[in-house]
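As structure tokens, the structure follows; a few thoughts come after it.
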Amino acid sequence: MASPYNPHIGSQDSNKLTFRFRPLLRRDFPIKDVITSCPTCHRFVAVSKPHGGPNSAPVSHHYQLVFTDGACPSNGSPNATAGLGIAYGTSTSVPTQQLYIPVDDALDPSEKRTNQRAKLLAAIEGLERLAADTQAILCAPSDCLYESQYARPSRVQPGARRSWIVATDSKHVVCGMTDWLPNIWKHNGMRTMEGKTPANLDLFFKLEDTIARYKSDFNVDIGFWLIPREFNGIARAAAVRAPVASPRCRSDEPEPRGLVGYVPFRVVLTRVSFLQQSPCMFEHV
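Offset between the sequence shown (1-based) and this note's numbering: plus 18.
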């Protein structure tokens with residue numbers, strides 16, 4: 019694969035990373051029947067087909083969700099601290115599916131801490147967690163539908179390629195990866211429309227590389243879903259908690275990556291598409 023640092027050549031699917039809902043999803047379709055969690059493994063998933071209710075069909079794990087957010091209370095200041103929030107399930111027991119992660123120099127060697135960098139790092143870390151989660155399944159299988167039908171590439175039927183969806187309220191992350199990077203910056207010598215160097219370009223490249231690597235390693239499609247901020251409560255609460263553990267504001271050892279309290283999970287539907295005759299509710303666009 020060509021290096022993403024080439025302004026004209028990069029991830030060939032960068033402009034097909036947005037997930038939208040298809041028209042089978044009507045306005046009166048209950049949200050609780052679209053976004054759910056597996057009662058066995060507790061992972062967040064989006065149902066691939068509408069049905070009559072939570073008991074009418076088994077939970078499909080074709081579309082796995084990871085909610086991400088980043089926070090930097092003193093955004094851009096010399097002594098700013100930052101943190102990441104990750105949630106790919108409801109479980110807060112060990113191993114946890116909800117994490118808060120302080121941003122240290124090992125995670126981001128940049129001298130500047132900002133909200134935008136934290137949100138990009140959270141998206142990268144969210145994919146890292148999904149990859150580690152999938153790898154763990156391969157080593158210790160169980161009876162979960164996800165683990166039996168989707169985690170093992172050899173069991174995935176042709177045409178049933180799985181999807182990892184990064185759900186975030188950050189327009190900087192979603193629009194940057196799905197529009198600005200592939201459609202503007204790479205065609206403008208890695209410059210914005212105003213001729214400036216894009217902010218956080220190193221992290222956009224890193225996120226692009228992460229996507230390309232995991233698409234190949236795990237045979238998955240990866241995309242982004244822009245959700246309103248008020249519906250990203252779990253990841254946001256974790257991100258806000260994380261800077262407290264940052265080594266930049268503590269004289270002792272930082273806290274280990276840990277648990278967060280459960281925040282009521284809500285999500286809304288955005289960017290509805292109008293393609294016809296679709297068997298499922300998401301599409302790459």
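For glycine and all other residues, C-beta sits at the position ideal for the given N, C-alpha and C.
In this text, all values refer to a predicted model and were calculated from it rather than measured experimentally.
What whole-angstrom Cβ distance do residue i and residue j have, given they're in contact under 8 Å?
i: P101; j: A257; result: Checking the displayed sequence, the identity of residue 101 turns out to be Gly instead of Pro. So it is a contact: roughly 5 Å between Cβ atoms.
i: A17; j: D87; result: No statement about residue 17 is possible, as the shown extent of the chain runs from 19 to 303 and does not include it.
i: D187; j: I245; result: 6 Å
i: R179; j: N237; result: 7 Å
Shortest alpha-carbon distance to residue i belongs to which of the options?
i: G107; options: A185, A98, A136, P120; result: A185
i: G94; options: N133, S109, D126; result: N133
i: F222; options: H205, R179, W198; result: W198
i: I142; options: P113, S111, M208, W182; result: W182
i: S234; options: A260, A149, M211; result: A149
i: I240; options: R61, I53, Y81, Q115; result: Y81
i: L225; options: C59, A260, T196; result: T196
i: L138; options: T99, A105, V192, Q153; result: V192
i: P261; options: H79, I53, R131, T54; result: R131
Helix, strand or coil: which one does DSSP assign to residue i?
i: P91; result: coil
i: L148; result: helix
i: A100; result: coil
i: R179; result: coil
i: G107; result: strand
i: T132; result: coil
i: D187; result: coil
i: G241; result: strand
i: T196; result: helix
i: R247; result: helix
i: Q153; result: helix
Quick check: the Cα distance between residue i and residue j, rounded to an integer number of angstroms?
i: A89; j: A136; result: 6 Å
i: L219; j: V63; result: 30 Å
i: C162; j: D151; result: 13 Å
i: G144; j: G194; result: 17 Å
i: C59; j: S109; result: 8 Å
i: R147; j: F249; result: 21 Å
Could you pull the start and end residues of the alpha helix (DSSP H) that residue i belongs to?
i: V121; result: Note, V121: premise wrong, no alpha helix (DSSP H); not H, not E.
i: I229; result: 219 to 236
i: A255; result: 251 to 259
Just reading off the beta strand (DSSP E) that residue i is part of, what are its end residues?
i: T318; result: No information on residue 318 is available, as it lies outside the stretch 19 to 303 that the chain covers here.
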